[in-house]
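In the working numbering, the protein residues as written are 669 to 902.
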């Protein structure tokens with residue numbers, strides 16, 4: 669039997685073999701058999717006061733209309749330890765009366781590792797991506813939209829239904845018809861400066877939001893990174 673743990677709501681699992689320092693507000697633990705079958709799973713609230721993601725101290729951004737500028741979220745902490753030495757990425761956020769606009773920017777990119785055979789909604793998260801997890805409202809959502817983009821502009825898009833908020837039961841509804849929504853992304857990279865960027869537009873209608881002004885949303889932003897072609901994903 670293996671004991672696995674996750675500090676990002678079950679998106680990634682690591683084997684627990686020795687004591688680790690976990691700064692996350694919540695930790696997911698699961699046991700699995702040698703062939704990978706899930707035996708049990710439990711979520712544990714560690715109530716770490718310095719994490720910034722407990723109920724009364726969630727990080728907040730005041731997001732403006734796009735004609736008034738942007739609000740910027742910064743990704744620079746490592747999962748698990750939250751040490752601020754992770755290669756930096758930013759997400760500029762604003763809204764129009766029709767869409768949520770996101771500009772992902774990754775810095776210090778060394779590899780741009782992707783699977784050239786992958787198309788939209790293949791498991792691009794195994795390689796280099798930037799991600800957003802988005803749900804309207806100010807409570808912990810039971811359903812949210814997951815958006816991922818790779819440096820070659822391949823996307824993963826889908827709605828995640830997580831009824832118990834602990835991933836013991838989970839369903840995914842993939843979004844394939846990007847033109848109908850529409851969901852757009854324009855991605856470029858500059859290897860000389862070790863950067864890549866994706867300009868993304870998501871229609872408000874897919875979130876059942878008519879008027880975004882003054883509304884509250886839950887959003888998480890992530891970046892995956894490879895230090896070298898042979899390194900493990902960070």
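C-beta atoms are modelled at their ideal positions from N, C-alpha and C, and glycine is treated no differently.
Decide if residue 806 is buried, meaning its Cβ has at least 16 other Cβ atoms within 10 Å, or exposed. exposed
Top-ranked residue by Cα proximity to residue 820, from 804, 839, 808 and 864: 864
Pull up the CB-CB distance for residue 803 and residue 762, whole angstroms please, since I reckon it's below 8 angstroms. Not really, about 18 angstroms apart at Cβ, beyond 8 angstroms.
In three-state DSSP terms, what is residue 873? helix
Any idea what DSSP makes of residue 886, helix, strand or coil? strand
Given a cut-off of 7 angstroms on the beta-carbon distance, is the pair residue 854 and residue 822 in contact? no
Tell me the rounded alpha-carbon separation between residue 744 and residue 878. 33 angstroms
Scan the region 795 to 826 and note each continuous alpha helix (DSSP H) run of 4 residues or more that stays entirely inside, going in chain order. none
Assuming residue 760 is part of the beta strand (DSSP E), what are its boundary residues? 757 to 763
Identify whether residue 792 lies in helix, strand or coil by the three-state DSSP scheme. helix
Determine the burial state of residue 758: buried for a count of at least 16 other Cβ atoms within 10 Å of its Cβ, exposed for fewer. buried
Less than 7 angstroms separating the beta-carbons of residue 766 and residue 734? no
Leaving out the 5 sequence neighbours to the left and right, which residues in its chain are closer than 6 angstroms to residue 815 when beta-carbon positions are compared? 800 and 825
Assigned secondary structure, residue 746 (DSSP; H/G/I helix, E/B strand, else coil): coil
Buried versus exposed call for residue 947 [16 or more other C-beta atoms within 10 Å across all chains shown]: Absent from the model: residue 947. The displayed extent of the chain is 669 to 902, so no value can be given.
Name the DSSP bridge partner or partners of residue 854? 867
Could you tell me the alpha carbon to alpha carbon distance between residue 883 and residue 835, rounded to whole angstroms? 26 angstroms
Suppose you measure from the CA of residue 852 to the CA of residue 838; what does that come to, to the nearest Å? 27 angstroms
Can you tell me whether residue 682 is buried or exposed? The criterion is at least 16 other CB atoms within 10 Å of its CB, across all chains shown. exposed
For residue 733, write down the residues that DSSP places opposite it in a beta bridge. 763
Contact belief for residue 729 with residue 894 at Cβ below 8 angstroms, rounded distance in angstroms: Not a contact, Cβ separation roughly 28 angstroms.
Rounded C-alpha distance that separates residue 986 from residue 871: Look at the range of the chain in this structure, 669 to 902, and you will see that residue 986 is not part of it.
Beta carbon of residue 890, beta carbon of residue 741: below 7 angstroms? no
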